[in-house]
Amino acid sequence: MRARLLQAWGALRESYWFLPAVFSVGAMLLAAGSIAIDAAYGPWDISWLPGSSPDGARAVLSTVAGSLITVAGVAISVTLVALSTTSSAFGPRILTLFLRDRGVQSALGVFAGSFLFCLVVLLFVRSPLETADATPFVPQLALLAGFTTGLTSIGAFLFLVHHVSQMLHVDNVVARAGADLLGGVEDLIGRRKEDGVTPIDTDPEVTRDEGGAIVRADRDGYLQVVDEGSLLELAERWSRVIVLEVRRGEFVTRERVIARVWPGDGLGEDDLEEVLSGFAWGQRRNHGQEVRFQVDQIVQIAARALSPGINDPFTAMSCIDWLEAALKRFSEVPSARWLSQVRDGEPRLYQPATTFADLLEASVGQLVPYAASDLNAARHLARALDRLAQDCGRADCRSLLEERADQLLDACRVRLPD
């Protein structure tokens with residue numbers, strides 16, 4: 002169940018409706034609170050405010066609300082055009098960065114919240130003919146706040162236009178994808194340093210044992226979430242070891258083995274269902290828990306830049322720079338093939354770790370066929386591999402980098418003219 006909640010939370014973060022919905026609810030509560038304060042402590046001496054009379058207040062609030070819904074429509078149109086342009090120019094995977102952008106989400110939230118604030122306040126404005134004691138009611142504090150939200154929305158619209166224009170700049174797109182990748186690498190490294198987590202560079206005996214109770218996938222899809230906390234609790238409760246057979250981001254087919262519980266004696270179908278509930282699948286790869294998705298974002302930008310229709314080697318070279326930075330950072334940590342998680346002094350959960358070879362294959366391995374078709378990009382990639390090999394303190398990493406350099410050279414001999 003917790004895995005489903007984590008999956009749902011990740012989907013909410015990539016939506017354009019959740020944060021505006023929060024802003025909208027908050028605005029309506031703020032409007033109700035302002036009206037209650039006006040009713041309890043008003044009227045206030047703010048006759049200088051335009052629209053102090055019931056008719057004037059209705060005119061001001063109606064104008065602000067009508068203008069805001071129009072501005073919100075324009076803002077949504079601008080955002081959709083930006084998403085369409087981004088998808089066609091840089092690839093659909095990069096859309097995740099834009100969908101998670103808090104600037105756009107907040108601007109849309111300001112428009113929606115301001116509109117609803119004015120609408121709620123407008124409902125409570127009363128003229129003398131509409132009250133039992135012939136006393137008009139104009140929530141002046143709420144009216145002042147509504148006028149302020151209108152001014153705030155103008156600033157939010159100007160910010161949105163500037164922000165979207167900056168988002169579409171190719172250097173900023175590559176930089177955001179690169180920073181996202183470096184953040185993913187840092188999370189990967191930090192994961193190995195957490196309490197109770199031990200990196201292991203050899204295959205533990207339990208991971209080589211093909212026995213144990215087998216947990217199979219019950220559907221097809223990409224593995225998006227692994228709830229390690231729930232799996233650890235189960236392993237500790239049963240005094241057993243759970244070994245994961247798949248990584249996050251992998252496409253899993255129905256009935257594929259995804260985990261083993263060792264020893265498997267005494268476990269029933271209900272127990273295996275509990276283990277299965279620690280996994281969540283989706284129709285696409287997930288941004289949150291998988292660094293290879295972040296690598297693919299940059300590789301896709303570089304591959305499109307080197308396509309014959311675009312022919313932009315400079316963008317590809319910028320992508321190579323960010324890939325070099327990520328590889329250099331990851332080469333500084335000790336090698337590990339497995340991550341062991343301990344509870345009460347006993348290893349309870351083993352999962353395959355992302356290795357330097359995995360990251361190198363996902364980045365340089367996928368990029369070589371495209372870079373080999375352009376002399377400038379090939380030279381830049383070769384220099385990056387050379388710098389990485391010189392700076393790397395691990396012999397295994399240097400060997401892998403030299404193999405990729407040889408692969409690039411062989412591909413260039415085939416694709417580039419003499």
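Here the sequence shown is numbered in my numbering, starting from 2 and rising by one per residue. Here a beta-carbon is modelled for each residue, glycine too, at the ideal position from N, C-alpha and C.
- Rounded to whole angstroms, the gap between the alpha carbons of W18 and L100 is 10 Å.
- Listed in chain order, the non-local C-beta contacts of F125 below 8 Å within the same chain comprise I36, F138, P140 and A143, local neighbours out to five positions each way being set aside.
- Each of G283, D204 and R220 was checked against the Cα of V244, and the nearest Cα belongs to D204.
- Nearest in C-alpha terms to S341, of all of T199, L360 and F116, is T199.
- In this structure, A157 places its C-beta atom within 7 Å of the C-beta atom of V111.
- Residue environment for F315: exposed (fewer than 16 other C-beta atoms within 10 angstroms of its C-beta).
- Spatial neighbours of L402 in its own chain (CB-CB distance under 6 Å, excluding positions within 5 residues in sequence) are listed in chain order as L386, L389 and A390.
- The beta carbon of D359 sits closer than 8 Å to those of R293, all from its chain and outside the five residues before and after it, given in chain order.
- DSSP places A90 inside the alpha helix (DSSP H), whose first and last residues are P55 to F91.
- With contacts defined by Cβ atoms closer than 7 Å, A33 and L117 do not form a contacting pair.
- According to the DSSP secondary-structure assignment, Y351 is paired through a beta bridge with V244 and S341.
- Bounds of the alpha helix (DSSP H) holding L161 are Q141 to M168.
- Rounded to whole angstroms, the separation of the alpha carbons of T97 and E15 is 7 Å.
- DSSP places A37 in the helix class (H, G or I) of the three-state scheme.
- A residue is called buried once 16 or more other Cβ atoms fall within 10 Å of its Cβ, and F252, having fewer, is exposed.
- Closest in C-alpha terms to D375, from the list D345, L410, A90 and L277, comes L410.
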